[in-house]
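A short write-up of the structure that comes next.
Here it is as structure tokens:
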């Protein structure tokens with residue numbers, strides 16, 4: 532029989548529960564001799580070969596993957612620039628791994644998926660509170676794709692003739708690339724406005740924005756870790772020209788930074804995976820919130836409150852006529868599978884921290900960066916922060932020696948930092964690596980002079 | 532407020548949810564000014580000092596424990612002698628860690644604990660099948676304490692005058708020590724019978740058993756890994772003298788070895804943690820099964836089937852009048868908290884393997900040991916197995932060089948084996964370490980000559 | 008009894024401290040402020056109000072809801088897997104080696120020459136694939152404007168083509184439920200950038216004329232795109248690459264059993280033939296003499312993810328494939344197809360099209376498929392996908408996957424028949440045995456309340 | 008709907024292969040033979056039929072059902088924690104360091120001089136402690152035969168004394184619910200090996216005369232044993248060692264929040280004063296200049312566990328203590344006592360004895376406590392321990408612990424009152440809203456069916 536026990540390699544799928552007798556009975560019921568007879572595949576395109584993939588027992592699998600991943604050097608990372616790690620409490624793992632959440636599908640039958648729907652409703656509500664905007668969807672893939680969707684939203688909701696999507700010149704390359712991809716089909720153009728000292732050059736934006744401007748994007752903190760001080764002005768410029776103002780941020784930063792609604796943001800995007808996700812090689816959770824007026828043009832899924840036949844509050848996916856499975860090529864986005872489980876984890880992480888924990892964490896992101904920059908600035912051959920701004924989590928370090936050489940030396944000492952220029956490093960500190968800050972400073976002292 | 536967020540150290544218990552306002556309201560309702568006023572502790576015995584235990588954040592805790600445990604050398608263990616590791620499938624972890632199981636109490640309210648009760652009922656049933664005896668309890672602490680309880684059961688159910696508990700001379704020291712402790716209060720004496728070639732000397736047992744014999748204990752496999760070939764004869768000798776015959780084994784071994792009932796066992800004890808538990812520094816799961824005639828004298832908890840008010844099958848703890856919380860000093864044991872969750876894991880592990888997987892695993896325990904012994908025997912300076920018996924998981928190796936020196940050298944090479952004599956090692960192999968068998972043989976070749 | 012919102016349990020308003028000047032900070036923040044035991048109880052209770060694959064059959068057609076082996080979770084939880092995407096390639100040889108291994112396995116399984124793991128979901132894979140086609144045509148100076156899509160295709164195909172800036176040309180199905188060759192030939196032109204097809208199609212039928220289809224499209228200079236949603240039907244029996252497809256995506260959260268997480272994350276790797284490999288998004292992993300490297304192509308399309316996709320999902324997919332191996336993968340398809348055919352045989356509903364593979368579209372006939380589905384909830388199973396594809400009236404698109412036993416399928420069949428055998432009124436009022444009774448969708452959409460803040464306004 | 012037994016789903020009879028000769032093997036083995044998805048569904052379903060601390064309040068008196076922090080599970084799951092007990096001390100310095108740390112913390116918390124971590128549960132701790140007392144007396148040539156135990160004590164105390172071969176002398180309670188000094192003085196003699204006491208006692212009262220009690224026992228040459236079940240009431244406020252106790256056990260699955268696992272495993276470390284340290288079971292861990300070592304005493308009692316106890320539980324206990332620290336431990340007791348007092352204030356039931364600390368014994372009065380408890384199940388909470396201790400008629404021994412919020416206690420109080428306010432018939436027929444209705448205990452005991460094999464005989 533094909534019954535493959537977990538401690539063995541198995542001759543078939545270890546997850547197909549058929550005994551030989553059952554298989555025979557089923558084949559008999561269907562009226563064929565073997566499973567091959569059920570495949571209606573013309574001979575020329577049939578595949579009789581093998582993939583040459585050896586099955587592994589669970590044990591072999593775990594050992595093999597563990598050994599392979601152990602090839603990664605054990606570095607303490609002071610890396611950010613769009614992918615951040617905060618310590619995720621154990622309770623988030625234990626709750627989110629519950630199979631009822633993990634192995635559930637999209638909530639097309641809300642009567643038996645109230646739990647996940649409510650969690651997503653709470654996630655949306657958290658983003659509404661953090662942004663001050665009325666609508667948040669229940670996830671995009673990541674910050675970059677959320678930005679792309681925001682630009683396309685602008686194209687749908689703005690009556691201006693413009694086709695220019697304005698972004699800061701320091702926008703992270705990967706994010707800009709995704710944006711370019713998203714707007715290509717809509718014939719929009721991505722253009723940059725200059726930044727100065729790590730944040731927007733407002734006068735330059737004022738000059739750049741005109742009647743061809745569809746969309747103005749600013750970030751806080753910026754990719755250099757600088758808190759943008761002129762958001763309201765940028766928002767005002769965009770508003771005046773009829774362009775859509777999109778702000779990029781994240782839920783931890785927004786726990787203390789200016790409320791996006793108060794600076795005129797029409798849309799807020801960003802990386803909500805700063806909550807709930809550990810370092811995950813760039814895997815993310817796209818935040819997407821916007822004004823209520825864009826409701827019917829929002830991309831992605833929305834959970835709404837309703838009532839069941841008993842009059843009890845109940846939740847359901849709603850406004851699905853925006854979505855691809857109903858509206859097809861006229862849908863507001865092609866997104867189907869999103870990042871629901873990561874959104875669940877983000878909501879759990881936020882709940883574990885609580886309102887005060889979130890604010891404390893955000894404050895730490897400011898003071899940890901300030902203190903570390905100060906310590907590095909004390910080292911001969913280093914200047915930090917390079918930008919005369921308030922920082923959040925990360926900052927740029929000027930180096931006398933070539934930055935790449937310093938980074939290589941730091942790697943030898945067990946630390947990873949960004950090289951962003953010939954004499955520029957970038958360093959990111961959060962609650963997840965703060966314990967190693969003193970060691971990093973000591974290592975810098977060794978290698979920077 | 533005392534609200535300690537998980538990323539902080541916290542000023543109070545991070546698991547007491549009281550806000551300052553709530554605490555105040557509660558104190559007010561109780562009519563005191565502060566919690567201290569609720570403690571009715573005379574001043575002379577009050578403790579005002581501190582323990583000098585620093586609180587740790589979750590992160591600090593994980594880092595500290597991870598660093599501490601990393602002080603353990605990473606050795607591949609070929610160790611057994613009462614504590615065995617078989618690979619535990621991932622699904623056992625994911626299911627047993629479900630909080631409904633893990634954080635549940637003893638099932639004193641069966642109407643809302645049917646799940647755990649049924650799992651324990653299934654565990655008991657598995658032992659009934661494996662032993663052929665009619666009754667199994669739902670756990671003792673480990674094999675040693677189960678043996679102690681079995682001897683005391685003999686004292687309660689046997690009409691013979693005897694006070695001698697007969698055990699093999701090779702009984703593992705720790706197990707014998709526990710037995711001595713258990714029988715001390717009942718004024719029983721533990722005596723040894725000789726073994727030969729790793730199993731019982733049946734003639735010697737025949738000589739030793741007399742009217743002062745209360746209890747005869749044999750094991751299969753023995754602590755030297757030998758399968759006992761003469762169980763029925765030993766059972767017959769015990770039966771003839773009116774002594775209770777207790778067999779020690781484990782659920783994996785019993786999957787292929789002779790059914791205990793068929794060799795006359797009155798009681799079966801042993802280590803059921805061979806299923807469900809990874810290497811856990813000796814933590815165990817005491818198996819206890821016996822004949823139905825001893826039902827009212829069984830130690831530990833029993834789950835029975837019954838019906839609820841709707842006539843639906845339901846499960847409940849039963850025959851609790853045997854237990855300490857009702858019968859006090861006349862209870863069949865003082866056990867209260869047992870190893871229920873480990874029993875659950877054992878049942879899950881057995882289910883994951885299935886009947887055929889269990890038999891395959893047990894067969895592997897024979898063939899792996901046979902093959903490894905043969906490979907070691909080929910090495911100059913080694914003889915394996917020393918005992919001319921069929922082996923299960925483990926066997927004794929004779930060495931020309933001092934055994935301790937060989938073991939030290941093997942440890943340098945990354946392997947742990949038992950030293951059991953000046954020129955005797957013991958080696959244990961299962962599915963959990965079989966992947967390293969060739970490496971072990973190579974290391975032996977290096978160090979044994 | 009339903010569970011209060013966290014904010015209804017314990018919420019606080021907190022002001023920022025003094026780390027920043029006031030003009031950079033918000034006034035205050037009002038959010039739930041529970042302690043950990045309260046968090047644990049809240050989400051445990053919510054979980055108990057949710058169906059999952061461990062609850063029972065989940066036969067959603069086109070969704071491939073398989074059992075998600077916990078061992079793949081354990082593998083992905085390896086602390087060494089938690090690295091930052093900007094780490095130097097030298098320092099993450101384990102991560103890159105794993106990605107290279109998965110690229111290789113997927114290429115073998117699909118019969119493709121090169122694979123990008125970047126797309127974070129199936130739809131993102133489609134977008135990647137169509138963008139690759141666009142880049143290819145552009146590189147050839149070929150300005151094509153249309154993508155052909157059968158009317159029975161997944162909604163994402165249409166939306167993806169539009170997102171990439173193409174006009175959609177919808178192809179009707181032939182009477183046998185497959186591609187209408189005449190319609191195809193009529194639709195194909197020098198404007199045809201690509202034909203998007205899934206095979207077997209969305210009612211489980213293999214496109215027998217696939218070679219002819221490929222010739223028609225290729226002769227017109229178009230490319231053939233394979234939607235991998237139904238790949239579970241073919242593992243080890245046929246490969247898109249052998250059928251003439253130039254581009255394909257893999258739904259690893261379907262075929263390769265990564266957990267669907269209530270809607271995601273998934274991953275939608277894209278495979279292409281050699282000629283198109285330079286257009287895959289940057290970077291890809293290659294093994295060289297000195298180890299694994301990230302390589303870039305000048306002709307690559309722009310990225311489809313801010314970094315390198317849904318890493319944790321990719322680890323699980325690779326683990327699943329490695330666990331099963333050739334025989335396991337082939338058996339998975341065999342049993343998936345057997346299960347669909349057996350289940351169809353057991354139910355009273357008609358199945359208009361066949362022979363089908365891993366899924367079938369039964370018709371509820373005179374009954375409303377959506378109501379039959381709601382009634383099935385009362386019998387303790389999850390119903391199939393309803394009212395899609397449109398070629399089958401009152402469609403119930405059913406895909407049991409290989410993980411259901413004969414007994415489970417018999418129970419599922421009984422639920423189908425009981426639901427169909429219920430009175431129209433019973434069906435219309437169903438479900439009644441679930442956590443929530445029938446939920447009012449109309450009000451939810453007419454008066455959207457999408458946050459707890461909007462509830463306060465009530 | 009209840010869940011079939013696994014064996015009712017899929018069972019097979021398998022014969023051993025040929026690894027061994029027939030005379031050493033069984034004929035065959037008949038056991039469940041499910042595949043992994045079936046196993047997952049079975050146990051997931053069973054879990055859904057089980058109350059846990061994540062389900063809601065669990066106020067079982069004397070059981071201290073706290074929230075079990077998942078971080079302690081993560082710490083214990085460290086692969087480096089999985090070592091064999093026969094490893095050389097040199098090679099497991101991490102394991103030994105952890106054990107040494109826990110020994111130290113427990114000693115500080117209890118005011119004891121030496122600690123053994125070997126006992127695998129509270130009752131095993133009692134047995135260890137009484138065996139230590141026995142060894143001590145024997146070493147003094149002192150053949151004592153009696154152990155004194157208050158009638159309100161935990162059943163394990165009596166059973167333990169008997170297991171150790173002692174006669175039990177039961178002490179009645181005084182009118183105020185505490186130790187009756189006159190009765191104690193009358194009972195104490197040169198036969199007194201020990202007095203076993205918990206403080207606060209089983210109705211939550213602190214034994215105010217503890218110093219006098221200690222003097223009486225010590226003057227007679229006896230030892231004072233502290234049952235640690237109620238230690239959660241005293242953390243940072245009083246220490247058994249300071250009260251004159253010579254021996255104590257700790258219930259780490261109570262005070263230190265290791266999960267109770269549906270009945271175990273727990274751990275019952277034993278602390279003693281200096282004079283008794285040599286009698287603790289072998290080995291103990293000591294820190295030396297060259298690292299951690301396992302040391303043995305010639306005077307040690309025999310072992311109470313085959314190896315060194317419930318290691319995984321000890322790791323979690325240590326992690327919990329380290330997580331809380333001084334302030335957290337002290338706050339845990341403060342809130343546990345506050346919660347008990349607040350809850351008692353909110354319910355309609357009388358509480359005859361006081362002032363109590365972390366638990367109280369309310370009386371159901373004219374109602375049957377067991378029926379009130381069953382009725383409470385219908386209101387979605389777990390009831391308290393009933394009909395114990397016997398000094399309170401129709402006792403409902405209630406211990407909410409520190410983890411319940413004011414709201415949760417208010418809800419719990421409402422359930423108490425609603426259950427008491429129900430009619431006798433309602434109570435007697437309760438519960439009706441649970442997975443199983445009232446279960447017939449009498450038949451279960453009269454006609455025991457303890458395995459699926461016994462069901463086949465039906």
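Chains as they are written, first to last, in this note's numbering: chain A, 532 to 980; chain B, 532 to 980; chain C, 8 to 465; chain D, 8 to 465.
Heads up, the beta-carbon is just placed ideally off N, CA and C, and yes, glycines get one too.
(message) Quick check: the stretch 25 to 37 of chain D against the stretch 880 to 893 of chain A, are at least 3 beta-carbon pairs closer than 8 Å?
(response) Taking one beta carbon from each stretch, the stretch 880 to 893 of chain A and the stretch 25 to 37 of chain D have fewer than 3 pairs nearer than 8 Å; the two do not touch.
(message) Once DSSP output is grouped into helix, strand and coil, what is the label at residue 173 (chain C)?
(response) For this step, residue 173 (chain C) is matched to residue 166 along the third chain. Coil at residue 173 (chain C), not helix or strand.
(message) Quick test of your reading: residue 323 (chain D) and residue 265 (chain D), contact by CB under 8 Å. State the CB separation rounded to the nearest angstrom.
(response) For the purposes of this step, residue 323 (chain D) is taken as the residue at position 316 of the fourth chain. For the purposes of this step, residue 265 (chain D) is taken as the residue at position 258 of the fourth chain. Between residue 265 (chain D) and residue 323 (chain D) the Cβ distance is about 4 Å, and since that is below 8 Å, they are a contact.
(request) Inspect the beta-carbon positions of residue 625 (chain A) and residue 875 (chain A) and report whether they are closer than 8 Å. (result) Your numbering for residue 625 (chain A) matches position 94 in the first chain. Your numbering for residue 875 (chain A) matches position 344 in the first chain. It is not a contact, given that the beta carbons lie outside the stated cut-off.
(message) Looking at chain A, is there any beta carbon in it that lies within less than 8 Å of the beta carbon of residue 2 (chain D)?
(response) The shown model of chain D, from 8 to 465, leaves out residue 2 (chain D), and the question about it has no answer.
(request) Answer yes if the stretch 283 to 293 of chain D comes into contact with the stretch 112 to 127 of chain D, meaning at least three C-beta pairs across the two stretches below 8 Å, and no otherwise. (result) yes
(request) Specify the secondary structure class of residue 575 (chain A) as computed by DSSP and reduced to three states. (result) Locating residue 575 (chain A) in the first chain gives position 44, counting from the first residue. Residue 575 (chain A) falls in the helix class under three-state DSSP.
(request) Could you list the residues in the stretch 25 to 57 of chain D with a C-beta less than 9 Å from some C-beta on chain C, going in chain order? (result) Under the 9 Å Cβ criterion, the stretch 25 to 57 of chain D contributes 41, 42, 43, 44, 45, 47, 48, 50, 51, 52, 55.
(message) Which of the three DSSP states is assigned to residue 538 (chain B) in this structure?
(response) Sequence index remark: in the second chain, residue 538 (chain B) carries index 7 (1-based). Its pLDDT being 33, under 50, residue 538 (chain B) is placed unreliably in this model, and the value from its coordinates should be taken loosely. Reduced to three states, the DSSP call for residue 538 (chain B) is coil.
(request) For residue 559 (chain A), collect the residues of the same chain with a Cβ closer than 6 Å to its Cβ; drop the 5 residues on either side in sequence, then sort them by chain order. (result) As a working mapping, residue 559 (chain A) is identified with position 28 in the first chain. Result list for residue 559 (chain A): empty, nothing under 6 Å.
(message) Whole angstroms are fine: how far does the CA of residue 358 (chain C) sit from the CA of residue 378 (chain C)?
(response) Stepping through the third chain from its first residue, residue 378 (chain C) is reached at position 371. Stepping through the third chain from its first residue, residue 358 (chain C) is reached at position 351. Approximately 18 Å between the Cα atoms of the pair.
(message) Would you say residue 277 (chain D) lies against chain A (beta-carbon separation less than 8 Å)?
(response) Locating residue 277 (chain D) in the fourth chain gives position 270, counting from the first residue. Not one beta carbon of chain A lies nearer than 8 Å to the beta carbon of residue 277 (chain D).
(request) Compute the Euclidean distance between the alpha carbons of residue 67 (chain D) and residue 950 (chain B), then round it to the nearest angstrom. (result) Counting from 1 along the fourth chain, the entry for residue 67 (chain D) is found at position 60. Counting from 1 along the second chain, the entry for residue 950 (chain B) is found at position 419. Distance between the alpha carbons of residue 67 (chain D) and residue 950 (chain B): 48 Å.
(request) Tell me where the alpha helix (DSSP H) around residue 419 (chain C) begins and ends. (result) Taking the first residue of the third chain as position 1, residue 419 (chain C) is located at position 412. Counting along the chain, the alpha helix (DSSP H) containing residue 419 (chain C) begins and ends at 413 to 428.
(message) Please report the straight-line C-alpha distance between residue 470 (chain C) and residue 232 (chain C), rounded to a whole angstrom.
(response) Because chain C is modelled from 8 through 465, residue 470 (chain C) falls outside the range shown and cannot be assessed.
(message) Looking only at its chain, what residues have a beta carbon closer than 6 Å to the beta carbon of residue 536 (chain A), apart from the 5 residues adjacent to it on each side?
(response) To locate residue 536 (chain A), count along the first chain from 1; it is residue 5. For residue 536 (chain A), the predicted structure reports a pLDDT of 41, less than 50, and the residue's modelled location is therefore unreliable. The matter cannot be settled from this model.
(request) Use the C-beta contact count for residue 267 (chain C): other C-beta atoms within 10 angstroms, 16 or more gives buried, fewer gives exposed. (result) Indexing the third chain from 1 puts residue 267 (chain C) at position 260. Around the Cβ of residue 267 (chain C), a 10 Å sphere holds 16 or more other Cβ atoms; the residue is buried.
(request) State yes or no: is the C-beta of residue 234 (chain D) within less than 8 Å of the C-beta of residue 160 (chain D)? (result) For the purposes of this step, residue 234 (chain D) is taken as residue 227 along the fourth chain, with counting starting at 1. For the purposes of this step, residue 160 (chain D) is taken as residue 153 along the fourth chain, with counting starting at 1. Closer than 8 Å, so yes.
(request) Put residue 850 (chain B) into one of helix, strand or coil per three-state DSSP. (result) Residue 850 (chain B) sits at position 319 when you count from the first residue of the second chain. In the structure shown, residue 850 (chain B) sits in coil (DSSP, three-state: anything other than H, G, I, E or B).
(request) Kindly give me the distance between the Cβ atoms of residue 370 (chain D) and residue 401 (chain D), rounded to whole angstroms, as I take these residues to be in contact under 8 Å. (result) Residue 370 (chain D) sits at position 363 when you count from the first residue of the fourth chain. Residue 401 (chain D) sits at position 394 when you count from the first residue of the fourth chain. Cβ atoms of residue 370 (chain D) and residue 401 (chain D) come within 8 Å of each other, at about 5 Å.
(request) Name, please, each residue of chain B whose Cβ falls closer than 7 Å to the Cβ of residue 87 (chain D). (result) To locate residue 87 (chain D), count along the fourth chain from 1; it is residue 80. Listed by position along chain B, the residues whose Cβ is nearer than 7 Å to that of residue 87 (chain D) are 600, 601, 603.
(request) Assign residue 4 (chain D) to buried or exposed, taking buried as 16 or more other Cβ atoms, counted over all protein chains shown, within 10 Å of its Cβ. (result) Residue 4 (chain D) is absent from the model: chain D starts at 8 and stops at 465.
(message) Classify residue 255 (chain C): buried if its beta carbon has 16 or more other beta carbons within 10 angstroms, exposed otherwise.
(response) By 1-based counting over the third chain, the position of residue 255 (chain C) is 248. So residue 255 (chain C) counts as buried.
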